[in-house]
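> Under the numbering used here, residues 3 to 261 are what the sequence shown spells out, in order. Even glycine gets a Cβ: it sits at the ideal position worked out from N, Cα and C. To start, I am sharing the structure in question, which I have written as structure tokens.
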Amino acid sequence: MNNAPIGIYDSGLGGLTVWREVRKLLPEESLLYLGDGKNCPYGSRPRTEVQALADAAVGRLVAEGCKLVVVACNTATAAAIDFLRAKYDTLPIVGMEPAVKPACLHTRSGVVGVLATERSLDGDLFHRTAARYGRDVTVIAEPGRGFVELVENDLEATPEAERTVAAAMEGMLARGADQIVLGCTHYPFLMDAIRRATAGRDVTVIDPSPAVARRTAELLDRGNLRAEPGHRPEYRFLTFSDDAYRDRLRRKAFSCDVA
Ligand code: DGL
3 MNNAPIGIYD SGLGGLTVWR EVRKLLPEES LLYLGDGKNC PYGSRPRTEV QALADAAVGR
63 LVAEGCKLVV VACNTATAAA IDFLRAKYDT LPIVGMEPAV KPACLHTRSG VVGVLATERS
123 LDGDLFHRTA ARYGRDVTVI AEPGRGFVEL VENDLEATPE AERTVAAAME GMLARGADQI
183 VLGCTHYPFL MDAIRRATAG RDVTVIDPSP AVARRTAELL DRGNLRAEPG HRPEYRFLTF
243 SDDAYRDRLR RKAFSCDVA
């Protein structure tokens, strides 16, 4: 038993879509969320730079006493997960998996669309996963250009969001994609615009964050790391940006929470 917090890290607000799933599944666990904020977006930065940023973030969460860290950022996972696991070798670390496998298993049209950042899409993790599960399936990858900026600027419910999302999805929908994988943790915040872009089509949108929460629970059990029954959780927020950004993290966390 261990009442120390679970650390959850992202470049900014996006990882809160994972935070809410972890909170829902593990309501007795304290959560310490680190949203970098200062260096967001990560999506088109060089891999080595993202690795250094992820190292600083995980180092901070370790220094704060986290018992497990969730890298709730596909871009940081793609750039740095092997490095992080080697460096922090006693720390259980959960990364983001592009949900290409369930999409390929469930497609009826044989066409799967993946939306993610440029850096995630050119990483080994995506290529390996797409090659492994997408053998008889057409996998269409499209960077969600501008998506992260929309979320970071609270512009999800605007005509600009509708246009940006519809433009990114047009090609994959025209080619018959019936499974759309959200490969960036910011993108579920754009779910309303995504649903409008797919309206009238039989399309499933896959957000991998519930699966990431389940993986977190598995690793807690494996390490006998669950909080004591009845433990009253604390929810804290950290950032490399300023106090105003930290307050935004907290507000967004509780306003997007569906527990
Ligand atoms: N939310 C992140 C991801 O899952 C990073 C987005 C960004 O900073 O570009 O990829």
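(1) My output table needs one value for A213: the three-state DSSP class, helix, strand or coil.
(2) In chain order, what residues of the same chain lie with their CB nearer than 6 Å to the CB of A168, ignoring the 5 residues before and after it?
(3) What residues in its chain sit with their C-beta under 6 Å from that of R248, if we drop five residues either side in the sequence?
(4) Between which two residues does the beta strand (DSSP E) carrying R238 extend?
(5) Counting beta carbon pairs with one atom in the region 136-152 and one in the region 163-181, are three or more of them shorter than 8 Å?
(6) If you reduce the DSSP assignment to three classes, tell me which class D194 lands in.
(7) Let's see if you can read the secondary structure: which residues bound the alpha helix (DSSP H) around E23?
(8) From the DSSP secondary-structure annotation, give me the bridge partner or partners of I83.
(9) Mapping the DSSP letters down to three states, classify P231 as helix, strand or coil.
(10) Taking L70 as part of the beta strand (DSSP E), name the residues at either end of that continuous run.
(11) Identify every residue that forms a DSSP beta bridge with M181.
(12) Report yes if the C-beta of S211 is less than 8 Å from at least one heavy atom of ligand 1; otherwise report no.
(13) Which full runs of the beta strand (DSSP E) of 3+ residues lie inside the region 125-180, going along the chain?
(14) Within 10 angstroms of the Cβ of D244, are there 16 or more other Cβ atoms? Answer buried if so, exposed if not.
A quick look at the data gives this:
(1) Here residue 213 corresponds to residue number 211 of the sequence shown, with the count starting at 1. In this structure, A213 counts as helix in the three-state DSSP scheme.
(2) One-based indexing of the sequence shown puts residue 168 at position 166. Within the same chain, A168 has close Cβ partners A199.
(3) Position 246 of the sequence shown, counted from the first residue, corresponds to residue 248. Here the set comprises F239, T241.
(4) Here the question's residue 238 lines up with position 236 in the sequence shown. Counting along the chain, the beta strand (DSSP E) containing R238 begins and ends at 237-240.
(5) yes
(6) Within the sequence shown, numbered from 1, the residue matching residue 194 stands at position 192. Here D194 sits in helix by DSSP.
(7) Residue numbering aside, residue 23 sits at position 21 when the sequence shown is read from its first letter. Unbroken alpha helix (DSSP H) run through E23: 18-27.
(8) Counting from one through the sequence shown, the residue named residue 83 turns up at place 81. Paired residues: none, contrary to the question.
(9) Taking the first residue of the sequence shown as position 1, residue 231 is located at position 229. Three-state DSSP puts P231 in coil, outside helix and strand.
(10) Residue numbering aside, residue 70 sits at position 68 when the sequence shown is read from its first letter. It spans 70-73 - the beta strand (DSSP E) in which L70 sits, taken as one unbroken run.
(11) As a working mapping, residue 181 is identified with position 179 in the sequence shown. The question names Met, yet the displayed sequence has Gln at residue 181. Note: Q181 sits in a beta bridge opposite V114, T206.
(12) Your numbering for residue 211 matches position 209 in the sequence shown. No, the Cβ of S211 stays beyond 8 Å of every heavy atom of ligand 1.
(13) 140-145
(14) For the purposes of this step, residue 244 is identified with residue 242 of the sequence shown, where counting begins at 1. D244 is exposed by the Cβ-count criterion.
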